[in-house]
Every structure is written in structure tokens, then in C-alpha cells.
Amino acid sequence: MNSFIKAATVGFVATLASTASAEVIHATWGGGGARTLGEYVQVPFSEKTGIETRVAEVPNTAGAVRSPTASQYDAVTVTFFEGVGLSGTDLLEGFTDEEIPEVKNLPPEVVIRNDEGLIVGIPTYFAYYGIVYNDDLADAEDFTSWKSLADPKWKGKLAITRPVYAAAYDLTMYAHAAGGDASNIEPGLDILKGLISNSLTTYTSLAHMNTLLGTGEVTAVPFYSTRVWHLQKEGQDNIKIAIPDEGGLMLAYAVVSPKGSKNREETAQYMNYLASAESQVAVSVHGGGIPTNNTAKLPQEYLDTLGTTREELLKKMYVPDWKTVWDNHEERINMVEQMMSEVAN
Numbered sequence: 001m002n003s004f005i006k007a008a009t010v011g012f013v014a015t016l017a018s019t020a021s022a023e024v025i026h027a028t029w030g031g032g033g034a035r036t037l038g039e040y041v042q043v044p045f046s047e048k049t050g051i052e053t054r055v056a057e058v059p060n061t062a063g064a065v066r067s068p069t070a071s072q073y074d075a076v077t078v079t080f081f082e083g084v085g086l087s088g089t090d091l092l093e094g095f096t097d098e099e100i101p102e103v104k105n106l107p108p109e110v111v112i113r114n115d116e117g118l119i120v121g122i123p124t125y126f127a128y129y130g131i132v133y134n135d136d137l138a139d140a141e142d143f144t145s146w147k148s149l150a151d152p153k154w155k156g157k158l159a160i161t162r163p164v165y166a167a168a169y170d171l172t173m174y175a176h177a178a179g180g181d182a183s184n185i186e187p188g189l190d191i192l193k194g195l196i197s198n199s200l201t202t203y204t205s206l207a208h209m210n211t212l213l214g215t216g217e218v219t220a221v222p223f224y225s226t227r228v229w230h231l232q233k234e235g236q237d238n239i240k241i242a243i244p245d246e247g248g249l250m251l252a253y254a255v256v257s258p259k260g261s262k263n264r265e266e267t268a269q270y271m272n273y274l275a276s277a278e279s280q281v282a283v284s285v286h287g288g289g290i291p292t293n294n295t296a297k298l299p300q301e302y303l304d305t306l307g308t309t310r311e312e313l314l315k316k317m318y319v320p321d322w323k324t325v326w327d328n329h330e331e332r333i334n335m336v337e338q339m340m341s342e343v344a345n
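So this is what it looks like as C-alpha cells:
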């Protein structure tokens, strides 16, 4: 009897040790997004499943996936176009639809798959790129078109992001606004040149841009809807966002799993939870985003802060061919850097 009890106890302890070692580590950018992820996604997931989770803050998430030590992370948040680019490499773990059943509730065009059709990226929410302005200095009517950014009246009153994002986001959106698309960006070049010429500065961080808008040093900037939501929540009611007539650029954020991470089964459960309406509503309500899950129901109180509905926003969103954007990314970064250099000189 004593031997049986001893053996059972050893087995129980071994099981606990095995469970405890299965910790899902999720790498993402630091700041409020990381806190939202930990508190409103990981805590309820761990309570439901018993699987331990932890957030790791990193400055460059896509770089973390490409790192030789990428397998230390089980999940990594990346921008959607980076996820699309990574899908063509051998760096991501692939999952079947049976392993992530919530995929059935996601729009197929925003689920990232590899060449074998396996799921390698789950879109957890989306934001959008619009024209953010200080309404003490401008009105929404000033920005009914992306082309307005090139108007000389804004000389020294605008700002632009770094080339790595201007090449992917700004140039792609301006091409669409001027009749082109992700493959044909030439129509958008004049708008981008005009914005560069009108820009007081190239902002280096979100906090930097928040300050410039709040102080009125910059009147307007192509910027993120989530940042406007956060600024307004902090009491800066004079910061608004306009969606031009040509639409806003839909920016989904995806979670991928680096190949070689230790906890594949637990990671699949975690990614399925990230795809769920419950998780996505929590991320959105506490972070200013919009769920990609089609069954998600946002509370009316939150919709009131957005001033619109998910369905109405989707009608106004432009979704480019992100694979084409990625395939031409390095070349376009060089182009934007050259344009900025020419204006500076």
C-alpha cells in the first residue's frame, strides 16, 4: 500500500511539473498593448485552461521571429504585412483548421496561411490608418481626400512616419487614392512627395507624435485610430481622426508562432483563444481596436466612444494586396528614403 501511495504521489508530482513547464510566452511591443494582453487575455485564458502564460516585451517583434533564439517565444504579435511576408519563409509553425476551430469565424482574407494551406497567423484585431488632426487647428472637411496632404497650405504643419512604415502604409494608401494599387504605386508618389515637403518632422515614436499633436506643433498626420482612442481616453478631446473619401487603410495585427517553440499543443489552444470573440472583444474594448472575429459583439458603451459600428467601419476600409506590398517593401523603403533626402536638401 505504501509503495502504491508513493508511486502515485511521484506520478502526480511529475504531472504537475510537466504542466507547470508548459508556459506560453507571447512576445509583443511594450506599453499599454502588452498590459492589455496580459491582464485581459492571458489571465482569463490561464484561468480557463490551467496553461501558464507570460508577456515578453520586445522592441522589434518581426525581428524576434527572425532571431536564432525565436523558439524561446511561443507566440509573437506582428503587423499584418510582416506576417504575410513571414508566411513565405520556414520560420513559422503551421496549424490545421481543426487545431484552431475559431478560424471559421474569421474573414478568410485576413487569416495568414503558408503554401501548404496551414494557418501561420491569426488576426487578433484591426485598427486603421486615417488622417489624425488637432481640431483647434483644422476640421474634418480639410481632409476629405488623402490628396489634401499635398496642399501647400499645410507647409510645416504636418508630420510623416519613418520610411519603413511610410513605404508600406502611406505609399500604398496614396496609390489607391490616386487610382493605383499595391502593384502600381506611381500614382501615389506626388501625394507622398507633397506630404514630405509639408512635414515639420519625421516622428520617431508614437509618444513623440502624441506630444506634437497635443501641443499643436503639428496640425495633422497620417496616424493610427488606436492612438486617437487612447488620447481621447486620456482627455485630449481635441484630437480627432478623419477617414478620407478614398477610405482608411485597414491594419490588422496578427499573432504567429515561431517554428521550434516547445509548447505546440498549448500554443494552438492559446491562438484559438486569441481568435475567439471573447478575447477579441476584450482586446478591443481595452485597447481601442476592432475585432476581426465576425461573431464578436462590442458593447454599446464602447461603440459610443468610437462613434460608429464595426460594420460601418468595414465599409470604409481599403485592404490592399499585402503580399505585393511585402514583396516590394525593401525597394520602396529605399525610394521613400531617397525622396526624404531630396526634400531635406
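Residue numbering for the sequence shown follows my numbering, starting at 1 and increasing by one per position.
No residue lacks a Cβ here, since even glycine has one placed at the ideal position from N, Cα and C.
Rounded distance between the beta-carbons of residue j and residue i, thought under 8 Å
{"i": "N293", "j": "S276", "result": "7 Å"}
{"i": "V255", "j": "I100", "result": "Actually they do not touch by this definition, with Cβ atoms about 11 Å apart."}
{"i": "A34", "j": "Y73", "result": "About 13 Å separates the two Cβ atoms, so there is no contact after all."}
{"i": "G94", "j": "E116", "result": "6 Å"}
Cβ shell of residue i (< 6 Å), same chain only, five flanking positions each side left out
{"i": "V13", "result": "Caution is warranted here: a pLDDT of 40 is assigned to V13, below 50, making its placement in the model unreliable, and the coordinate value is therefore given only provisionally. Once the five neighbours on either side are set aside, V13 has no close Cβ partner at all."}
{"i": "I185", "result": "L171, A175"}
{"i": "D136", "result": "N238"}
{"i": "A182", "result": "T172, P320, D321, T324, V325"}
{"i": "L213", "result": "N134, I239"}
{"i": "S341", "result": "none"}
{"i": "T96", "result": "none"}
{"i": "A110", "result": "Position check: residue 110 holds Val in this sequence, whereas Ala was assumed. Around V110: P123, A252, T292."}
{"i": "G38", "result": "V55"}
{"i": "P163", "result": "I333, V336, E337"}
{"i": "P44", "result": "none"}
{"i": "Q232", "result": "none"}
Contact set for residue i: own chain, Cβ-Cβ below 8 Å, skip 5 residues either direction
{"i": "Y125", "result": "A252, Y253, Q280, V283, S284, G287, G289, I290, P291, T292"}
{"i": "W29", "result": "E57, V58, P59, T61, T77"}
{"i": "D151", "result": "G194, N198"}
{"i": "L106", "result": "I122, P123, A275, T292, N293, N294"}
{"i": "S71", "result": "P258, K259, G260, S261, K262"}
{"i": "N92", "result": "For clarity, residue 92 is Leu in the given sequence; the question names Asn instead. Hits under 8 Å: V65, L86, N114, V120, G121, V256, S257, P258, K259."}
{"i": "D90", "result": "K259"}
{"i": "P244", "result": "G130, I131, F143, T144, S145, W146, S148, A177"}
{"i": "A138", "result": "T219, A220"}
Contacting residues, own chain, Cβ-Cβ under 7 Å from residue i (five flanking each side not counted)
{"i": "L303", "result": "T309"}
{"i": "F81", "result": "A168, W322, V325, W326"}
{"i": "V218", "result": "K157, L158, A159, L200, L212"}
{"i": "G179", "result": "P187"}
{"i": "A268", "result": "F95, E99, I100"}
Residue i and residue j closer than 7 Å at C-beta
{"i": "M339", "j": "I196", "result": "yes"}
{"i": "I131", "j": "A220", "result": "yes"}
{"i": "N198", "j": "K240", "result": "no"}
{"i": "Y129", "j": "Y165", "result": "no"}
{"i": "T61", "j": "T36", "result": "no"}
{"i": "T53", "j": "V84", "result": "no"}
{"i": "A140", "j": "A242", "result": "yes"}
{"i": "Y318", "j": "L249", "result": "yes"}
{"i": "N272", "j": "E102", "result": "yes"}
Selection from the options that minimises the alpha carbon distance to residue i
{"i": "E98", "options": "M317, E265, L189, A178", "result": "E265"}
{"i": "K349", "options": "V41, Y40, N60, I119", "result": "The displayed coordinates of the chain run from 1 to 345. Any statement about residue 349 would go beyond what the structure contains."}
{"i": "R113", "options": "K315, Y128, R54, L86", "result": "L86"}
{"i": "S261", "options": "R54, A75, V43", "result": "A75"}
{"i": "G32", "options": "E278, G248, E234, K316", "result": "E234"}
{"i": "N328", "options": "E278, T201, A167, T89", "result": "A167"}
{"i": "R332", "options": "L192, A127, V43, G63", "result": "L192"}
{"i": "V343", "options": "Q42, F80, T201, V41", "result": "T201"}
{"i": "K147", "options": "D115, L189, L106", "result": "L189"}
{"i": "P314", "options": "D90, A127, R66, P44", "result": "Here residue 314 is Leu; the residue named in the question, Pro, does not match the sequence. Comparing Cα-Cα distances from L314 to each of D90, A127, R66, P44, the minimum goes to A127."}
{"i": "E246", "options": "P44, Y270, T144", "result": "T144"}
{"i": "G216", "options": "H230, S205, Q236", "result": "Q236"}
{"i": "L306", "options": "Q269, A296, E278, H230", "result": "H230"}
{"i": "Y40", "options": "D90, L149, S67, E278", "result": "E278"}
{"i": "T161", "options": "L149, K104, P222, P108", "result": "P222"}
{"i": "Q42", "options": "Q300, E311, Y270, E312", "result": "Y270"}
{"i": "K104", "options": "E311, S205, E312, A296", "result": "A296"}
{"i": "T79", "options": "K153, G63, P68, S205", "result": "G63"}
The stretch 36-54 touching the stretch 225-237, judged by at least three CB pairs closer than 8 Å: no
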